[in-house]
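In what follows, a structure is listed as structure tokens, so that the remarks can point back to it.
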Amino acid sequence: MEATAEQLLWMYEKMVEIREYEETMAKVYLEAKLPPKIQKGLAFDIGAGPVPGEMHLAAGQEPVAVGVCAHLRRDDTVVGAHRPHHFAIAKDVDLNAMTAEMYGKATGLGRGKGGHMHLFDPAVKFSCSGIVGAGAPQACGAALAAKKLGTDAVAIAFFGEGAANQGAFHEALNLAALWKLPVVFVVEDNKYGISVEKSASTAIASNADRAAAYGMPGVLVEKNDAVAVFEAAGVAVARARRGEGPTLIEVKTDRYYGHFQGDPETYRPKGEAKELRQHDPIPTLGALLRSRDLLDDEADAALRARVSARVQAAYDFGRNSPYPEPQDALLHVFAE
Amino acid sequence: MSTTTTTRRLTMAQAISEATAQEMARDPRVFVMGEDVGKYGGIFSATTGLLDQFGPERVMDTPISETGFMGAALGAAAEGLRPISELMFVDFFGVCFDQIYNHIAKNHYMSGGACKYPLVITTGIGGGYNDAAQHSQCLYSIFAHVPGLKVVVPSNAYDAKGLMTSAIRDDNPVVFLYHKGIMGLSWMSYFEGSTNEVPEEQYTIPFGQARVVREGSDVTIVTLSQMVQKSVLAAEKLAEEGISAEVLDLRTLVPLDRAAVLKSVKRTGRLLVADEDYLSYGLSGEIAALVAENIDTVRLKAPVRRLAVPDVPIPFSRPLENFAIPQVENIVASVRGLMTFKLDQ
Ligand SMILES: Cc1ncc(C[n+]2csc(CCOP(=O)(O)OP(=O)(O)O)c2C)c(N)n1
Numbered sequence: 001m002e003a004t005a006e007q008l009l010w011m012y013e014k015m016v017e018i019r020e021y022e023e024t025m026a027k028v029y030l031e032a033k034l035p036p037k038i039q040k041g042l043a044f045d046i047g048a049g050p051v052p053g054e055m056h057l058a059a060g061q062e063p064v065a066v067g068v069c070a071h072l073r074r075d076d077t078v079v080g081a082h083r084p085h086h087f088a089i090a091k092d093v094d095l096n097a098m099t100a101e102m103y104g105k106a107t108g109l110g111r112g113k114g115g116h117m118h119l120f121d122p123a124v125k126f127s128c129s130g131i132v133g134a135g136a137p138q139a140c141g142a143a144l145a146a147k148k149l150g151t152d153a154v155a156i157a158f159f160g161e162g163a164a165n166q167g168a169f170h171e172a173l174n175l176a177a178l179w180k181l182p183v184v185f186v187v188e189d190n191k192y193g194i195s196v197e198k199s200a201s202t203a204i205a206s207n208a209d210r211a212a213a214y215g216m217p218g219v220l221v222e223k224n225d226a227v228a229v230f231e232a233a234g235v236a237v238a239r240a241r242r243g244e245g246p247t248l249i250e251v252k253t254d255r256y257y258g259h260f261q262g263d264p265e266t267y268r269p270k271g272e273a274k275e276l277r278q279h280d281p282i283p284t285l286g287a288l289l290r291s292r293d294l295l296d297d298e299a300d301a302a303l304r305a306r307v308s309a310r311v312q313a314a315y316d317f318g319r320n321s322p323y324p325e326p327q328d329a330l331l332h333v334f335a336e
Numbered sequence: 337m338s339t340t341t342t343t344r345r346l347t348m349a350q351a352i353s354e355a356t357a358q359e360m361a362r363d364p365r366v367f368v369m370g371e372d373v374g375k376y377g378g379i380f381s382a383t384t385g386l387l388d389q390f391g392p393e394r395v396m397d398t399p400i401s402e403t404g405f406m407g408a409a410l411g412a413a414a415e416g417l418r419p420i421s422e423l424m425f426v427d428f429f430g431v432c433f434d435q436i437y438n439h440i441a442k443n444h445y446m447s448g449g450a451c452k453y454p455l456v457i458t459t460g461i462g463g464g465y466n467d468a469a470q471h472s473q474c475l476y477s478i479f480a481h482v483p484g485l486k487v488v489v490p491s492n493a494y495d496a497k498g499l500m501t502s503a504i505r506d507d508n509p510v511v512f513l514y515h516k517g518i519m520g521l522s523w524m525s526y527f528e529g530s531t532n533e534v535p536e537e538q539y540t541i542p543f544g545q546a547r548v549v550r551e552g553s554d555v556t557i558v559t560l561s562q563m564v565q566k567s568v569l570a571a572e573k574l575a576e577e578g579i580s581a582e583v584l585d586l587r588t589l590v591p592l593d594r595a596a597v598l599k600s601v602k603r604t605g606r607l608l609v610a611d612e613d614y615l616s617y618g619l620s621g622e623i624a625a626l627v628a629e630n631i632d633t634v635r636l637k638a639p640v641r642r643l644a645v646p647d648v649p650i651p652f653s654r655p656l657e658n659f660a661i662p663q664v665e666n667i668v669a670s671v672r673g674l675m676t677f678k679l680d681q
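So this is what it looks like as structure tokens:
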């Protein structure tokens, strides 16, 4: 399935947006966390600054998110993982409300209750979880619902190669194949589960091979490339929509930052992240667009200005929104 | 302790890894496994240095497969090994709880005492740094609720070393829960008091012995973990107002030092339980019930007070989290309330 000009441009713009979003977050997150503002003896105060708590950035992994989401509609479900921003942005989650959530503001997606790992936007059917592997069975549930309700909506579960060693992953694959669910499992192989290399956690090289054991197609995308992901995902999503059942896709991708911000990355060969940036998928897609006369300097500049305005507006919105009232902690334990 | 003992100041994280290293050196059956316990040295530094000292056969990085490696710890313990199995955050126990509460906790009992399972589950607990609902819970009461698990919750480096050594030597499954906010991590602000003098030599602290952290005569604050540090700060503040608060650190939930609680409350006549776990059906209720059951011998001057997370998941946003997790000021206010209470009013 070939991407249309419109789809290629969409993927490019979303990748630029995700990257700008993550690089802005990398800066904002550090505010007030480093000396001299922090107390003595501390190298880094994770709880300080405008965006506290853990922060997992996805810069480098954009192709996975856009290549899959290019095939999705608003009523398709996406369940992301603890590293959720690229999926959320590609699924058109409200950017302002998402950012406000990371600032812990009352205007956030979860009114400040959830934070960066727990983003919920029912308007575009997006959710995620800080529990590794938890999303796979949940996507099966969304797919089951689509089947029962007689829609042709599909569900996508995104997670890392580390998560593919969880029991939940294997149970979900079996369920999906058994019930012929319209679900696509997408594994992002960024080589590491925190500090543990894939070769030290997984006995086989590719999770795509595991699909056979459950009776579904398994596809390995070996390049961190939006078009390659788009093609593999197109087949899988179409198959799911036709009611022919699930697919497992693994994409080899790159994580440019540490596992979380503040990660000393002692497990990573020196200079690896820098080297990975040499194969940045954004200019690669940009070059393809140019070679097809779909992009020139002027259009690229206009696109980048548009994206910057959007991202900046979201950060401004988050920063300038009010905090919730402390007692609001007591609300929303149960539905009213 | 003998007078020749050498001590240094250690963080709680260093104390735990030192206890583990010394036991591993003493007993070849002891080994460690868990996520990122090797090269990374544990996300909360509880296993720092162990890989260099003992190599990857005895300090095993696992896949993210908690059911797998918790069950494997049980199986290895049944064969006479002594595994230490780290569950990175206590919040993740959900993915492997069947292995823990249906097997690790019960197999000894179901075997009529025939089988032994000497293993330690270590795990990080607690909030205070805005990590939200899936990474900030304490949950020790859930483990303590299940018969067959010993439950240890240290508040400082000295105790952590002695309790960890005891945990590894215990022939039972022990759940050892350390609060991230008192490990002495360089990337998290923490409460002073948890980093303290620790002997180089090995020593054990028996389970089931609470510690009087600070003596007082007006009110007893029963607490544990990071709340000990908060309670000490509160007690200092209260002292300025002429209120003398006794702080009792439970140190272990199973076994629970009921006698120490009763002895202190008998003397002071007032009880505040300060807990970072959820309020309902938990530790604070247990301690309150203990006093109620002994009300014929404990003369209370005011009703028991409980301070805990008010039955809401831990929220992300700073003002919300500060509200949900009891703070020093809340302890002070609660004690003041206890002091001004008149029984006959
Ligand atoms: C059940 C569970 N176990 C462990 C963790 C801690 N943890 C968070 S992210 C992570 C690594 C995940 O690796 P992977 O699935 O490859 O995703 P990546 O971080 O590389 O995107 C771990 C171990 C968790 N959040 N949940």
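Just so you know, the protein sequences line up as chains A and B, in that order.
Under my numbering, residues 1 to 336 are what the first sequence spells out, in order.
Under my numbering, residues 337 to 681 are what the second sequence spells out, in order.
All C-beta atoms in this analysis are idealised placements derived from N, C-alpha and C, irrespective of residue type, glycine included.
The structure presented is a predicted model; accordingly, all values stated were derived computationally and were not measured.
Quick one, which residues of the stretch 387-420 of chain B are near chain A if we go by CB-CB under 7 Å, in chain order?
Listed by position along the chain: Asp397, Pro399, Ile400, Ser401, Thr403.
Three-state secondary structure assigned by DSSP to lysine 274 of chain A
The DSSP-derived three-state label of lysine 274 of chain A is helix.
With DSSP collapsed to three states, give me the class of methionine 337 of chain B.
The predicted position of methionine 337 of chain B is uncertain, since its pLDDT is 47 and thus under 50; a value taken from the coordinates is nonetheless stated next. Three-state DSSP puts methionine 337 of chain B in coil, outside helix and strand.
Given that a residue counts as buried once 16 or more other Cβ atoms are within 10 Å of its Cβ, and exposed if not, what is methionine 446 of chain B?
Methionine 446 of chain B should be labelled exposed.
With a threshold of 6 Å (Cβ to nearest heavy atom), would histidine 82 of chain A be considered close to ligand 1?
Within the cutoff, so yes.
Environment of leucine 574 of chain B [buried if 16+ CB atoms lie within 10 Å]
Result: buried.
CB contact check: methionine 524 of chain B to chain A, cutoff 7 Å:
For methionine 524 of chain B, the answer is yes, since a Cβ of chain A falls inside 7 Å of its Cβ.
Closer than 7 Å to chain B by CB, valine 333 of chain A:
Valine 333 of chain A belongs to the set of residues whose beta carbon lies under 7 Å from a beta carbon in chain B.
Distance cutoff 7 Å, beta carbons only. Does histidine 85 of chain A sit that close to anything in chain B?
So no, histidine 85 of chain A is outside the interface.
Does the beta-carbon of alanine 469 of chain B, which I'm using as the reference point, lie nearer than 6 Å to any heavy atom of ligand 1?
Exclusion of alanine 469 of chain B from the 6 Å shell around ligand 1 follows from its C-beta lying no nearer than that to any non-hydrogen atom of the ligand.
Glycine 460 of chain B, enclosing beta strand (DSSP E) - first and last residue:
Residues 456-461.
With DSSP collapsed to three states, give me the class of proline 419 of chain B.
In this structure, proline 419 of chain B counts as strand in the three-state DSSP scheme.
Are the C-beta of proline 52 of chain A and some C-beta of chain B separated by less than 7 Å?
Taking 7 Å as the threshold, the shortest C-beta distance from proline 52 of chain A to chain B falls below it.
What is the rounded straight-line gap between the Cα of isoleucine 504 of chain B and the Cα of glycine 404 of chain B?
Approximately 21 Å, taken between the alpha carbons.
Run down chain A in chain order and give the residues with a C-beta less than 7 Å from the C-beta of phenylalanine 367 of chain B.
In chain order: nothing, as chain A lies at least about 17 Å away.
If we ignore side chains and look at the alpha-carbon of each, how far apart do glycine 361 of chain A and aspartate 280 of chain A end up?
Any question about residue 361 of chain A goes unanswered here, given that chain A covers just 1 to 336.
Quick one: what's got a C-beta closer than 8 Å to leucine 598 of chain B's C-beta in the same chain, skipping five residues either side?
Result list for leucine 598 of chain B: Leu626, Val627, Asn630, Thr633, Val634, in chain order.
Chain B contact for glycine 104 of chain A (CB, 7 Å cutoff)
Closer than 7 Å to some Cβ of chain B, the Cβ of glycine 104 of chain A qualifies, so yes.
Looking at the secondary structure, which residues open and close the alpha helix (DSSP H) in which methionine 11 of chain A lies?
Run containing methionine 11 of chain A: 5-30, per the alpha helix (DSSP H) assignment.
What is the residue span of the beta strand (DSSP E) that phenylalanine 159 of chain A lies within?
That run of the beta strand (DSSP E) goes 155-160.
Quick check: what's the CA-CA separation for threonine 4 of chain A versus glutamate 188 of chain A?
Taking the Cα positions, threonine 4 of chain A is about 24 Å away from glutamate 188 of chain A.
Count the other C-beta atoms from every protein chain shown that fall within 10 angstroms of the C-beta of glycine 391 of chain B, then say buried if there are 16 or more, exposed otherwise.
Counting the other CB atoms within 10 Å of its CB gives glycine 391 of chain B a total below 16, which places it among the exposed residues.
Enumerate, from N- to C-terminal direction, the unbroken alpha helix (DSSP H) stretches of 4 or more residues contained entirely within the stretch 221-245 of chain A.
Runs found: 226-241.
How would you list, in chain order, the residues of chain B whose beta-carbon sits under 9 Å from the beta-carbon of isoleucine 46 of chain A?
Within 9 Å Cβ-Cβ: Tyr465, Asn466, Asp467, Leu521, Trp523, Met524, Ser525.
What residues from chain A crowd round glutamine 470 of chain B, counting only those whose CB sits closer than 8 Å?
Here the neighbours are Met117, His118, Ser129, Gly130, Ile131.
Is there at least one non-hydrogen atom of ligand 1 closer than 6 Å to the beta-carbon of asparagine 190 of chain A?
When distances are taken from the beta-carbon of asparagine 190 of chain A to the heavy atoms of ligand 1, the shortest one is below 6 Å.
Note down, in chain order, all residues in the stretch 646-666 of chain B with a beta-carbon under 8 Å from any beta-carbon belonging to chain A.
For the stretch 646-666 of chain B, residues whose beta-carbon sits nearer than 8 Å to a beta-carbon of chain A comprise Pro646, Asp647, Val648, Pro649, Pro651, Phe652, Ser653, Arg654, Pro655, Leu656, Glu657, Asn658, Phe659, Ala660.
Closer than 8 Å, Cβ to Cβ, to anything on chain B: give me those residues from the stretch 176-200 of chain A, in chain order.
Contact residues of the stretch 176-200 of chain A toward chain B are Gly193, Ile194, Ser195, Val196, Ala200 (C-beta to C-beta distance below 8 Å).
How far does the alpha helix (DSSP H) with glycine 135 of chain A in it extend, from its first residue to its last?
For glycine 135 of chain A, the uninterrupted alpha helix (DSSP H) segment begins and ends at 135-149.
From glutamine 7 of chain A to glycine 53 of chain A, what does the alpha carbon distance come to, in whole angstroms?
Roughly 35 Å between the two C-alpha positions.
Tell me whether glutamate 62 of chain A, by its Cβ, gets closer than 6 Å to a heavy atom of ligand 1.
No, the Cβ of glutamate 62 of chain A stays beyond 6 Å of every heavy atom of ligand 1.
How close, in whole Å, do the beta carbons of alanine 546 of chain B and alanine 469 of chain B come, if the pair is a contact with beta carbons under 8 Å?
Actually they are not in contact, since the Cβ atoms of alanine 546 of chain B and alanine 469 of chain B sit about 30 Å apart, beyond 8 Å.
Do phenylalanine 405 of chain B and ligand 1 come close, with the Cβ less than 6 Å from some heavy atom?
Phenylalanine 405 of chain B Cβ: outside cutoff for every heavy atom of ligand 1.
Buried or exposed for tyrosine 617 of chain B, going by 16 or more other Cβ atoms inside 10 Å?
Here tyrosine 617 of chain B is exposed: its Cβ has fewer than 16 other Cβ atoms, across all protein chains shown, within 10 Å.
Close Cβ partners of methionine 369 of chain B (< 6 Å) along its chain, the five nearest in sequence each way excluded
When the five nearest sequence neighbours on each side are left out, the beta carbons in the same chain lying within less than 6 Å of the beta carbon of methionine 369 of chain B are those of Met396, Thr398, Phe405, Ser421, in order along the chain.
The stretch 102-112 of chain A in contact with the stretch 316-325 of chain A per 3-pair CB rule at 8 Å
At 8 Å Cβ cutoff, the stretches touch.
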